[in-house]
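J.: Each number in my numbering comes from the position in the sequence shown (counting from 1) with 5 added on.
For glycine and all other residues, C-beta sits at the position ideal for the given N, C-alpha and C.
Note that the structure is predicted; figures quoted are calculated from it, not measured.
Here's a structure for you.
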Amino acid sequence: MSGLGGDMDRDSEMAVFVRAVNGGGFSAAARDLGITPSAVSKLVGRLEDRLGARLLNRTTRSISLTEEGRTYYERAVTILEEIEAAELAVRELHAEPRGVLKVNSSTAFGRYAVIPHLHEFIEAYPELQVQFITSDSMVDLVGEGVDVGLRIGT
6 MSGLGGDMDR DSEMAVFVRA VNGGGFSAAA RDLGITPSAV SKLVGRLEDR LGARLLNRTT
66 RSISLTEEGR TYYERAVTIL EEIEAAELAV RELHAEPRGV LKVNSSTAFG RYAVIPHLHE
126 FIEAYPELQV QFITSDSMVD LVGEGVDVGL RIGT
């Protein structure tokens, strides 16, 4: 099993390879990525060395996929699309609160300080379902799955 550094190198090599194929050459990939064409060539070369297979046929003006390159490219594109989808899903979750928010407070505090503002909060976060529970007894917040516990007192 390789270390984390090896995984990051592999991921970079994969992304650069796909960019080179999509752009039709190392120069286009280099422009897109803000690196030199020789850096693109080096990364693709390392990928080929690691895989033990030639992925691209190269001329001074163009590149074309070998059979091994086509197989790798098709899978790499799928992997990179899945990574992008995973990152987008997390960003969307982070962008707008959604799910269930379980809030617990004492009865008096809830009546006078929380409930008057609850409607406004719910309108501001329509993807969030609020479960508001009042209780004057001690509540095991963690055991009850409470996200926010509001209490006042001395």
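#1: Put residue 88 into one of helix, strand or coil per three-state DSSP.
#2: Does the ligand GTP have even one heavy atom less than 7 Å from the beta-carbon of residue 47?
#3: Mark residue 61 as exposed unless 16 or more other C-beta atoms lie within 10 angstroms of its C-beta, in which case mark it buried.
#4: So, using beta-carbon positions, are residue 106 and residue 135 closer together than 8 Å?
#5: Across which residues does DSSP place residue 61 in a beta bridge pair?
#6: So what's residue 157 in DSSP terms, helix, strand or just coil?
#7: Whose C-beta lies closer than 7 Å to the C-beta of residue 81 among residues of the same chain, with five residues either side of it excluded?
#8: With a 10 Å radius around its C-beta and 16 neighbouring C-beta atoms as the bar for buried, classify residue 50 as buried or exposed.
#9: Count the other CB atoms, across all protein chains shown, that sit within 10 Å of the CB of residue 52; report buried if there are 16 or more and exposed otherwise.
#10: Assuming residue 3 is part of the beta strand (DSSP E), what are its boundary residues?
#11: What is the rounded straight-line gap between the Cα of residue 54 and the Cα of residue 100?
#12: Given a threshold of 16 other Cβ atoms within 10 Å of its Cβ, counted over all protein chains shown, does residue 26 qualify as buried or as exposed?
#13: Should residue 7 go down as buried or exposed, given a rule of 16 or more other Cβ atoms within 10 Å for buried?
#14: What does the Cβ neighbour count give for residue 9, buried or exposed, with the cut at 16 atoms within 10 Å?
T.: The answer reads as follows:
#1: Residue numbering aside, residue 88 sits at position 83 when the sequence shown is read from its first letter. In the structure shown, the three-state DSSP call for residue 88 is helix.
#2: The ligand GTP is absent from the structure shown, which contains no ligand whatsoever.
#3: Working through the sequence shown from its first residue, we reach residue 61 at position 56. Burial check for residue 61: the Cβ neighbour count within 10 Å reaches 16 or more, so the residue is buried.
#4: To locate residue 106, count along the sequence shown from 1; it is residue 101. To locate residue 135, count along the sequence shown from 1; it is residue 130. The criterion of a C-beta distance shorter than 8 Å is satisfied by residue 106 and residue 135.
#5: For the purposes of this step, residue 61 is taken as the residue at position 56 of the sequence shown. DSSP, once it has assigned bridges, lists 70 as partnering residue 61.
#6: Taking the sequence shown and counting its residues from 1, one reaches residue 157 at position 152. Residue 157 sits in coil when the DSSP states are folded into three classes, being neither helix nor strand.
#7: For this step, residue 81 is matched to residue 76 along the sequence shown. The residues are 19, 22 and 23.
#8: On the sequence shown, residue 50 is found 45 positions in, with the first residue counted as 1. By the 10 Å Cβ count, residue 50 comes out exposed.
#9: The residue you call residue 52 lines up with position 47 of the sequence shown. Buried, because 16 or more other Cβ atoms sit within 10 Å of the Cβ of residue 52.
#10: In this structure the chain extends from 6 to 159, so residue 3 is not present and cannot be described.
#11: As a first step, residue 54 is located in the sequence shown; it is residue number 49 there, counting from the start. As a first step, residue 100 is located in the sequence shown; it is residue number 95 there, counting from the start. The straight-line gap from Cα to Cα measures roughly 41 Å.
#12: Taking the sequence shown and counting its residues from 1, one reaches residue 26 at position 21. Classification of residue 26: buried, given that the 10 Å Cβ count is 16 or more.
#13: Here residue 7 is taken as the residue at index 2 of the sequence shown, counted from 1. Since pLDDT at residue 7 reaches only 47, below the 50 mark, its modelled position is unreliable, and no value is offered.
#14: By 1-based counting over the sequence shown, the position of residue 9 is 4. Only weak support is given to the placement of residue 9: the predicted model assigns it a pLDDT of 49, under 50, and the question is left unresolved by the model.
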